[in-house]
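So the structure is just underneath, and the comments pick up after that.
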Amino acid sequence: MDPEPIPDALEPLMRQLEEALSLEHKFRPFLEIPRLPRERQDVTIGIRDGSAHVLRCLKIWYDLPPDVFFVATNLMDRFLTKLKVKAKHMACVSISSFQLACRLVCGGSAPELQHILAVSQAKCTVADLVRMQEVVSTKLGAEPSSPLPITPYTFLALYHAFLSAIDRENVYSRIVNEFELWQLLEVVLCDAMCSNYRPCEIALAILCSAIDTGVARLKPSPPPASSIISLVSFLGQIQQKANISEKSFLSCHSTVLSVIGRYNAEIQVQHRQRLVWKVSQRTLKQLRPTGKLVTTLQTIEENGQLQIAPRSRNSSSSSNSDENWTGPTSSRHLPTDAF
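Written out as structure tokens, the structure reads:
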């Protein structure tokens, strides 16, 4: 069955989608990172993913807009695509990408480099970050006046706007939460397995996954089947418009579901790792006030033992009251090994 034509009211969004599709290849990374290091200073998938998680934590710490993380991850991955980076420089590259993304998205309200260093605990200086930021900006053409990169967030925001506009019966708003969409996208982009797919594919796979989860959540009172078919039909139109093949989409969708499944499994497992705080010696002394306390108890001498005579247990003594007992009547020493 051929999909229905797109309504005229959605033409402005369609023009934005066409523009994003035309620029998609310009900002698409192609990572070739080994899972295991071939050389000592190779950047592995684990190092890259760890840096992406740090960027996500920084975005949450500073309560920044969602696209800051997506732009920062895009800059980092494109830089890794163009240049071979050593593992010891990875922290500097990721933090520089984050600061550059803050400048592109937030303008003058970007956090200070020194404060970002303190929060991230990266082992580099402010001067190192400034130099690396210039290198990243030059290599990627990411000037403060340049437009934002096209990322999966660009397409996911457009898809979300499309479906919200045609949602006359409030079915889409019931099954899909906007905050959960951005959260799923953050989780997926923290995994290098998804980095080399087209941004429009990643966004479509996440939206399909969110719709499936939302429909399953409403099983006691499911939405009308015709409304779900209408949403799926519109997603099919978007897939055709983006020229996404069925084979490529199935591969991307399978990878996205795998990443989301691992993330949901980790949430259900109780974390047992103890937090480790890195503090200076001066702060450590302030956190431990008991270090200055000195015991006032006297030392027990091992030579002098207490001399106590056993009480007589004969019948005559048992009739005497405790008030008439005047103390020990024998001077026998107890053996020292009795204590």
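Numbering (the UniProt record's numbering), first residue to last: 1 to 339. Note that beta-carbon positions come from the ideal geometry of N, C-alpha and C, so glycine has one too. All figures in this text were calculated on a predicted structure; none of them were measured in a lab.
The residues 171, in chain order, have a CB closer than 6 Å to that of residue 223 in the same chain once the five nearest residues on each side in sequence are set aside. Per DSSP, residue 110 lies in no alpha helix (DSSP H) and is assigned neither H nor E. With a contact defined as Cβ atoms closer than 8 Å, residue 72 and residue 98 qualify at about 4 Å.
The DSSP assignment places complete alpha helix (DSSP H) segments of no fewer than 4 residues inside the stretch 233-272 at 246-268, in order along the chain. Residue 58 is classed as buried because its beta carbon has at least 16 other beta carbons within 10 Å across all chains shown. Close CB contacts of residue 249 within its chain, under the 8 Å cut and outside five residues either way in sequence, are with 201, 204, 205 and 239 (chain order). Burial state of residue 116 is buried, judged by a 10 Å Cβ sphere holding 16 or more other Cβ atoms. For the set 18, 107 and 217, the Cα lying nearest the Cα of residue 175 is the one of 217.
Under the Cβ criterion (8 Å, minimum of three pairs), the stretch 30-41 does not count as touching the stretch 144-159. Three or more pairs of CB atoms, one per stretch, sit closer than 8 Å, so the stretch 135-144 contacts the stretch 100-110. Ranked by how close their Cα comes to the Cα of residue 127, the residues 119, 96 and 104 have 96 in first place. Secondary structure note for residue 46: its alpha helix (DSSP H) is the uninterrupted segment 45-61. DSSP places residue 30 in the coil class of the three-state scheme, outside both helix and strand.
Taken in chain order, the complete beta strand (DSSP E) segments of 3 or more residues contained in the stretch 102-161 number zero; there are none. By the Cβ rule, the stretch 46-57 counts as touching the stretch 178-192, because three or more pairs are nearer than 8 Å.
Going by DSSP, residue 183 is part of the alpha helix (DSSP H) stretching over 178-189. Residue 188 counts as buried, since at least 16 other C-beta atoms from the protein chains shown sit within 10 angstroms of its C-beta. By the 16-neighbour rule on beta-carbons within 10 angstroms, residue 36 is exposed.
Contact between residue 207 and residue 257 does not hold, since their C-beta atoms are separated by about 13 Å, which reaches or exceeds 8 Å.
Spanning the alpha carbons of residue 75 and residue 140 requires a straight line of approximately 8 Å.
Assignment of residue 301 by DSSP, reduced to helix, strand and coil, places it in the coil class. Here the C-alpha atom of residue 198 lies approximately 8 Å from the C-alpha atom of residue 152. Nearest C-alpha to residue 107 among 247, 64 and 260: 64. When the five nearest sequence neighbours on each side are left out, the beta carbons in the same chain lying within less than 7 Å of the beta carbon of residue 62 are those of 111, in order along the chain. Per the coordinates, the alpha-carbon of residue 173 lies some 8 Å from the alpha-carbon of residue 167.
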